[in-house]
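Residue numbers (this note's numbering), protein chains in the order written: chain A, 14 to 411; chain B, 56 to 134.
Note that CB positions come from ideal geometry on N, CA and C, so glycine has one too.
Keep in mind the model is a prediction, meaning the values are calculated, not measured.
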């Protein structure tokens with residue numbers, strides 16, 4: 014059976030979430046800033062039209078924001094996560110085969126829905142998501158994921174599509190692919206585009222017509238798969254069971270700059286506790302722990318950043334073990350005399366917690382530690398994160 | 056909306072999946088402002104009716120930005 018994919022993508026997702034609860038900002042330029050660093054992470058169409066770029070620090074565009082009365086929000090990830098879940102649950106009503114690709118995108122497999130007009134089905138999805146959640150989505154339909162991405166782009170950028178574009182029903186596909194710049198193809202970054210352009214490949218259509226062996230040599234098997242997808246042969250299936258996580262991170266900027274080791278240890282301890290909670294929630298244990306810290310490169314003054322990755326003595330999911338290692342590492346890379354803006358803790362070498370090997374030299378009672386962690390998580394689930402925490406995290410609720 | 060049993064400070068349960076019909080209590084966004092009113096929807100006339108007699112019904116003009124945000128199904132009143 015021929016695969017059919019729909020990519021449903023929320024328009025300006027974070028900005029749209031803010032508008033659902035603040036309808037007075039409909040039609041007005043709004044931007045959402047990342048926490049603390051204050052870089053633009055989402056823009057409404059009106060803000061894009063003002064030329065506000067993605068990732069720009071707020072202080073660089075402050076006059077522009079003022080002049081055009083741009084509404085500025087700091088990001089509220091609890092809200093966005095909740096709204097995302099509502100959108101995805103609504104999509105599940107339309108199609109049981111669904112891959113949540115990111116917080117604001119999902120692939121749907123529309124195999125079995127061919128009997129109805131797919132554009133109409135797309136419009137019904139769009140209308141329902143809008144009514145149930147208040148979020149506008151665009152729908153792109155095609156026989157491969159890569160083409161569905163392109164169809165979605167067309168739906169989003171061409172107002173007379175009404176937000177839904179079915180590439181299967183498009184009469185002049187070559188002309189359409191000819192208008193898509195090669196760097197806008199899913200998976201082709203600026204680096205690949207730079208490599209392709211001197212060889213006369215500037216559009217999606219030209220990329221689809223490239224020689225297989227040449228692509229394979231320059232862009233590897235992943236590139237060849239992508240080109241094949243552009244030709245309408247599906248190589249990427251729906252991934253309904255998300256691949257096991259490769260890494261878990263907790264990294265964020267401080268509310269106020271930190272310039273003492275004691276404060277830094279506290280922050281790293283809090284971040285480690287968070288990431289350890291995530292680890293246990295996924296039923297995983299970690300073998301490697303990385304810590305990093307950095308000063309504020311946008312401010313004047315001496316700059317320093319460093320990262321240290323260390324193998325943990327044993328594969329573990331215990332907050333105590335992880336904090337112990339994280340503190341050792343942060344002490345090793347911390348330098349006096351700097352104002353630090355940000356620190357982070359990353360866990361890698363993740364394996365299912367029930368598959369860890371016992372260590373001959375491990376002198377701790379693992380079962381006891383497990384019970385302790387279960388109790389810790391249960392308390393924090395019930396009374397809120399940070400209710401019960403390690404003393405190294407400080408005595409205020411994190 | 057005291058006439059409809061809704062008081063200041065109450066929590067409302069809103070079902071966005073319901074299609075609002077004449078007589079429903081709704082949360083509406085009128086010119087960007089959220090408001091709770093009873094919906095009058097007959098022929099082509101749309102009105103928002105306050106249940107407090109001190110307020111006047113609002114006739115929705117076509118040039119106004121108007122959106123039904125959701126249908127109010129229940130209210131929770133603090134004692």
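Look at residue 101 (chain A) here: in three-state DSSP terms it is helix. Annotation: residue 34 (chain A) to residue 337 (chain A) spans about 43 angstroms, alpha carbon to alpha carbon.
The alpha-carbon separation between residue 169 (chain A) and residue 61 (chain A) amounts to approximately 14 angstroms.
Contact note: residue 84 (chain B) reaches chain A through 36, using a C-beta cutoff of 7 angstroms and chain order.
Identification of residues in the region 140 to 156 of chain A having a C-beta nearer than 9 angstroms to some C-beta of chain B yields 141, 144, 145, 146, 147, given in sequence order.
Around residue 39 (chain A), the beta-carbon contacts reaching into chain B at under 9 angstroms are 84, 87, 120, 122. Secondary structure note for residue 127 (chain B): its beta strand (DSSP E) is the uninterrupted segment 121 to 131. Straight-line spacing of the CA atoms in residue 234 (chain A) and residue 161 (chain A) works out to 20 angstroms. 7 angstroms or more divides the Cβ of residue 52 (chain A) from the Cβ of residue 64 (chain A). Between residue 404 (chain A) and residue 356 (chain A), the C-beta gap is not smaller than 7 angstroms, which leaves the two residues out of contact. Secondary structure remark: continuous beta strand (DSSP E) runs of at least 3 residues inside the region 339 to 406 of chain A, in chain order: 353 to 361.
For residue 242 (chain A), the uninterrupted alpha helix (DSSP H) run begins and ends at 225 to 243, by DSSP.
Per DSSP, the continuous alpha helix (DSSP H) segment holding residue 187 (chain A) begins and ends at 186 to 191. Among the residues of chain A, those whose CB is under 9 angstroms from the CB of residue 72 (chain B) are 103, 141, 144, 145, following chain order. Residue 398 (chain A) is positioned such that its CB atom lies no closer than 7 angstroms to that of residue 299 (chain A). Ranked by how close their Cα comes to the Cα of residue 275 (chain A), the residues A:45, A:327, A:340 have A:340 in first place.
Here residue 214 (chain A) is buried: its Cβ has 16 or more other Cβ atoms, across all protein chains shown, within 10 Å.
Between residue 406 (chain A) and residue 301 (chain A), the C-beta spacing is not below 7 angstroms.
Around the Cβ of residue 205 (chain A), a 10 Å sphere holds 16 or more other Cβ atoms; the residue is buried. Around residue 46 (chain A), the same chain offers 52, 53, 54, 71, 85, 86, 87, 88 as residues with beta carbons nearer than 8 angstroms, after the five sequence neighbours per side are excluded. Note that the C-beta distance between residue 103 (chain B) and residue 113 (chain B) is below 7 angstroms. Inside the region 241 to 316 of chain A, DSSP marks whole alpha helix (DSSP H) runs of 4 or more residues at positions 274 to 294, from first to last along the chain. Taking residue 14 (chain A) as the centre and dropping the five residues before and after it, the same chain places the C-beta of 124 closer than 7 angstroms to its C-beta, in chain order. Take the alpha-carbon of residue 107 (chain A) and the one of residue 138 (chain A): they are about 7 angstroms apart.
Check the Cα spacing between residue 95 (chain B) and each of B:80, B:130, B:109, B:58: the tightest is with B:80.
Under the DSSP assignment, residue 163 (chain A) falls in the alpha helix (DSSP H) whose first and last residues are 158 to 170.
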